[in-house]
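Novice: Reminder that position 96 of the sequence shown reads as 95 in numbering that gives the first Met the number 0, one-by-one numbering, no gaps. Glycine included, C-beta positions come from ideal geometry on N, C-alpha and C.
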Amino acid sequence: MAAIIRRIINTTKAPAAIGPYSQAVVVDRTMYISGQLGMDPASGQLVEGGVQAQTRQALVNMGEILKAAGCGYENVVKTTVLLADMNDFTSVNDVYKQFYSTNFPARAAYQVAALPRGGLVEIEAVAVLGPLTDAS
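(1) Grouping DSSP H, G and I as helix and E and B as strand, with all else coil, what is Thr101?
(2) Using the rule of at least 16 other Cβ atoms within 10 Å of the residue's Cβ for burial, across every protein chain shown, is Pro14 buried or exposed?
(3) Output the boundary residues of the beta strand (DSSP E) element that contains Thr79.
(4) Please report the Cβ distance between Val76 and Pro104, rounded to the nearest whole angstrom; I am assuming they are in contact, meaning their Cβ atoms lie under 8 Å.
(5) State yes or no: is the C-beta of Leu45 within less than 7 Å of the C-beta of Gly118?
(6) Taking the C-alpha atoms as reference points, what is the distance between Leu131 and Lys96?
(7) Considering Cα atoms alone, identify which of Met0, Val59, Tyr20 and Val94 is closest to Gln51.
(8) Closer than 7 Å by C-beta to Leu65: which residues in its own chain qualify, once you throw out the five before and the five after it? Chain order, please.
(9) Note down, in chain order, each residue of its chain lying with its Cβ closer than 6 Å to the Cβ of Ala67, except the 5 sequence neighbours on either side.
(10) Leaving out five residues before and five after Arg55 in sequence, what residues of the same chain have Cβ atoms less than 6 Å from its Cβ?
(11) Which first and last residues belong to the beta strand (DSSP E) in which Ile138 is found?
(12) On the three-state DSSP scale, how would you describe Ser90?
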């Protein structure tokens, strides 16, 4: 049986991991992206402006990780959104749909007791590398 290749994805254009984990891991053609907070990669601090600003920054950070692996938002097939307050669900969706406008990835959203660094939102994703063709 041939070995399956695992590749660690890391970019300085997204915040460094704040614990013992990788920004993303690719196994075969599947990429698992660790939860992204709305942190500025340069300062390592959460961006100001509330949940929408943090959502936008989290998704920008995810985009940089996707780029580092040679793909983009269109390669994302599943996301998980963690919210400090479920009342922010609509506000997060308003930003989310600016990054995913068609053929939306599958998604789950949960309210959690707390997020690292006092974040308001965290988003993780699963993506498939390479060209994807949509079935009709």
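Specialist: Here's the rundown:
(1) Thr101: coil per DSSP, three-state reduction.
(2) So Pro14 ends up on the buried side.
(3) Under the DSSP assignment, Thr79 falls in the beta strand (DSSP E) whose first and last residues are Val75 to Leu82.
(4) The pair is a contact, with the Cβ atoms about 5 Å apart (cut-off 8 Å).
(5) Closer than 7 Å, so yes.
(6) Roughly 20 Å between the two C-alpha positions.
(7) Looking at Met0, Val59, Tyr20 and Val94, the one whose alpha-carbon comes closest to that of Gln51 is Val94.
(8) By the criterion of a C-beta distance shorter than 7 Å, Leu65 is surrounded in its chain by Gly71, Tyr72, Asn74 and Ala126, once the five residues flanking it on both sides are discounted.
(9) In chain order, Ile8 and Thr10 place their CB closer than 6 Å to the CB of Ala67, counting only its own chain and leaving out the 5 sequence neighbours on each side.
(10) Cβ contact annotation for Arg55 (same chain, cutoff 6 Å, sequence separation greater than five): Val94, in chain order.
(11) This structure does not reach residue 138, given that the chain is present from 0 up to 135, and the question cannot be answered.
(12) Residue state for Ser90 is assigned as helix, using DSSP reduced to three classes.
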